[in-house]
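Protein chains in written order, with my numbering: chain A, 109 to 324; chain B, 109 to 324. The C-beta atom is built at its ideal place from N, Cα and C for all residues, glycine as well. What follows is one structure encoded as structure tokens, with my remarks underneath.
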DNA sequence: CGGCTGTTTTGACGTGAATCAAACGCATGC
DNA sequence: GCATGCGTTTGATTCACGTCAAAACAGCCG
């Protein structure tokens with residue numbers, strides 16, 4: 109949603125909530141009560157398997173929504189964890205439903221947000237299902253770049269909020285592979301990496317990586 | 109949605125559309141106009157990359173919905189192809205929005221359907237991101253079994269509507285791997301395979317496969 | 001029935017990413 | 001200042017799955 113739309117929702121239902129780094133906004137199984145709009149900060153959502161395996165299903169930044177997964181069963185189906193000290197705007201679902209019955213535009217916006225999430229997920233499935241490690245990382249970086257840009261930050265230089273392990277989980281790779289590919293990208297002059305600081309040096313080069321590559 | 113709910117929608121907006129095997133219900137890029145409820149048949153949805161790679165993002169059967177991806181941009185972002193001669197109920201999105209503003213339950217149902225799709229996608233991400241080939245296939249079969257069951261068909265015996273190649277694309281595997289794993293399952297007495305005909309012999313065995321396995 | 005076409009199975013071999021293991025960097029705290 | 005502890009990098013080795021190739025198996029049509 110645009111900053112403007114967020115602000116609007118903000119006025120409608122104003123409760124805020126601060127979440128410290130590492131804390132959960134909600135957990136899988138929690139009763140679903142509200143949707144959250146991130147005001148400041150970063151989150152990850154993940155699903156845990158009994159044997160301890162984790163699958164990160166997304167990284168969310170300022171201006172993005174959390175909690176849509178909960179509507180279906182009235183319980184959240186994933187965990188939402190703050191990657192840094194963050195603040196969200198709480199949108200009680202009942203009120204949201206009610207309001208969106210009155211305000212046509214709001215209803216449509218809400219549907220769009222959900223639909224966008226579905227489309228995003230399909231993109232991730234594409235990543236996971238048919239791209240090689242380099243392509244996944246390149247696509248990941250380009251996606252981050254574009255989102256930073258959309259929020260008014262530099263698209264070429266930013267700090268990762270997540271660990272190599274979390275990136276790996278999201279992309280279906282091991283942390284060592286993530287690290288290696290970052291190093292390779294740096295050697296090839298595509299990016300600069302220093303710990304969590306990323307600088308994109310050759311965006312077209314990254315883009316080429318994603319769409320070229322032979323079959324898999 | 110339940111059969112009952114489908115019927116209800118059916119009465120509200122009744123247009124039907126028949127799609128022959130292999131035909132598209134919609135294509136990526138098509139203007140978004142309606143959501144579809146499958147009355148009879150099977151579909152797959154997929155995303156194509158420039159270089160020809162295909163990622164199947166889902167298989168949909170009777171009673172399930174198609175087209176939710178289109179709301180976000182007013183254009184469909186994937187292709188929907190009939191896997192056998194099928195029939196859908198067309199639900200023009202404008203009318204649906206309007207109705208759901210009047211009928212509280214309908215709005216909620218609609219949200220639930222979208223949310224369920226998001227949760228389903230997260231499950232697939234889990235599959236693709238952190239499971240090995242055997243686990244993916246086992247999970248796939250169990251999912252089909254459960255869906256057939258929910259529609260009143262035998263959960264233990266059914267015909268696949270998709271090719272090995274399509275299953276592979278969905279699960280991030282090559283068709284040869286799909287075929288091999290099916291054979292292995294048969295050797296181990298978990299299932300019986302004859303072309304597209306599957307019989308599940310040892311469901312608990314399959315279930316064990318999914319949740320046990322060491323790390324990856 | 002026989003020849004075609006598309007799908008599936010099976011085998012031999014290759015490879016990209018996982019695994020195992022060690023060292024390094026950078027915080028934090030005493 | 002030095003110890004402790006995560007996260008990261010890098011190397012050596014292994015392995016699950018992909019690739020390539022051929023044969024077997026339907027299903028369809030003349």
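Please report how far the alpha carbon of residue i lies from the alpha carbon of residue j, in whole angstroms.
i                      : j                      : result
residue 264 of chain A : residue 307 of chain A : 6 Å
residue 290 of chain B : residue 301 of chain B : 7 Å
residue 259 of chain B : residue 134 of chain A : 33 Å
residue 152 of chain A : residue 167 of chain A : 4 Å
residue 266 of chain A : residue 193 of chain B : 51 Å
residue 125 of chain A : residue 202 of chain A : 18 Å
residue 235 of chain A : residue 235 of chain B : 13 Å
residue 273 of chain B : residue 189 of chain B : 15 Å
residue 285 of chain A : residue 209 of chain A : 48 Å
residue 275 of chain A : residue 248 of chain A : 9 Å
residue 230 of chain A : residue 123 of chain A : 32 Å
residue 142 of chain B : residue 216 of chain B : 18 Å
residue 199 of chain B : residue 140 of chain B : 11 Å
residue 222 of chain A : residue 137 of chain A : 20 Å
For a contact meaning CB atoms closer than 8 Å, what does residue i contact in chain B?
i                      : result
residue 205 of chain A : 212, 215, 216, 219
residue 273 of chain A : Neighbours of residue 273 of chain A on chain B: none; closest Cβ ~12 Å, over 8 Å.
residue 316 of chain A : Neighbours of residue 316 of chain A on chain B: none; closest Cβ ~12 Å, over 8 Å.
Quick one: give me the first and last residue of the beta strand (DSSP E) that residue i is part of.
i                      : result
residue 145 of chain A : 142-148
residue 275 of chain A : It is not in any beta strand (DSSP E) - residue 275 of chain A instead sits in the alpha helix (DSSP H) that spans 272-279.
residue 187 of chain A : 187-190
residue 169 of chain B : 162-169
residue 336 of chain B : Residue 336 of chain B lies beyond the stretch modelled for chain B, which goes from 109 to 324, so this question has no answer here.
residue 200 of chain A : 194-200
residue 302 of chain A : 299-302
residue 339 of chain B : Because chain B spans 109 through 324 in this model, residue 339 of chain B falls outside it and cannot be assessed.
residue 266 of chain A : 265-267
residue 127 of chain A : 124-127
Which residues in the same chain as residue i place their Cβ atom closer than 7 Å to its Cβ, once the five residues preceding and following it in sequence are excluded?
i                      : result
residue 262 of chain B : 256
residue 225 of chain B : 176
residue 269 of chain B : 150, 191, 192
residue 163 of chain A : 154, 155, 277
residue 313 of chain A : 298
residue 365 of chain B : With chain B covering only 109 through 324, there is no way to say anything about residue 365 of chain B.
residue 309 of chain A : 297, 298, 299, 300
residue 214 of chain B : 207, 208
residue 317 of chain B : 242, 243, 246
Show which residues of chain B have a CB atom less than 7 Å away from the CB atom of residue i.
i                      : result
residue 176 of chain A : 223, 226
residue 155 of chain A : 230, 234
The alpha helix (DSSP H) that contains residue i, what's its start and end?
i                      : result
residue 288 of chain A : 283-295
residue 319 of chain A : 311-319
residue 254 of chain B : 241-258
residue 220 of chain B : 212-238
Given that residue i touches chain A, what residues does it touch there, using C-beta distances under 7 Å?
i                      : result
residue 287 of chain B : Result: empty, since nearest Cβ-Cβ is about 18 Å, beyond 7 Å.
residue 165 of chain B : 230, 233
Excluding the five sequence neighbours on either side, which residues of its own chain have a C-beta within less than 8 Å of the C-beta of residue i, listed in chain order?
i                      : result
residue 324 of chain A : Any answer about residue 324 of chain A is weak, because its pLDDT of 42 lies below 50 and its placement is not dependable; what the coordinates show is given next. These residues qualify, in order along the chain: 238, 239, 240.
residue 158 of chain B : none
residue 294 of chain B : 300, 301
residue 283 of chain A : 271, 272, 273, 275, 276
residue 322 of chain A : Residue placement at residue 322 of chain A is poorly supported in this model, since its pLDDT is 46, which falls under 50; the coordinates still yield a value, given next. Result list for residue 322 of chain A: empty, nothing under 8 Å.
Who are the Cβ neighbours of residue i in its own chain at under 6 Å, not counting the five residues just before and after it?
i                      : result
residue 281 of chain B : 241
residue 251 of chain B : none
What does residue i reach in chain B if we use C-beta pairs closer than 9 Å?
i                      : result
residue 319 of chain A : 157, 158, 159
residue 277 of chain A : 237, 238
residue 171 of chain A : What residue 171 of chain A touches in chain B: nothing, since even the nearest Cβ is about 16 Å away.
So residue i contacts chain A; which residues on that side make the cut at Cβ distance below 9 Å?
i                      : result
residue 209 of chain B : 208, 209, 210, 212, 215
Looking at chain A, which residues of the stretch 220-251 of chain B have a Cβ within less than 7 Å of any of its Cβ atoms? 220, 222, 223, 224, 225, 226, 227, 229, 230, 232, 233, 234, 236, 237, 238
Contacting positions in the stretch 178-202 of chain B - beta carbon closer than 8 Å to chain A: Listed by position, the residues of the stretch 178-202 of chain B near chain A (Cβ gap below 8 Å) are 178, 179, 180, 181, 185, 186.
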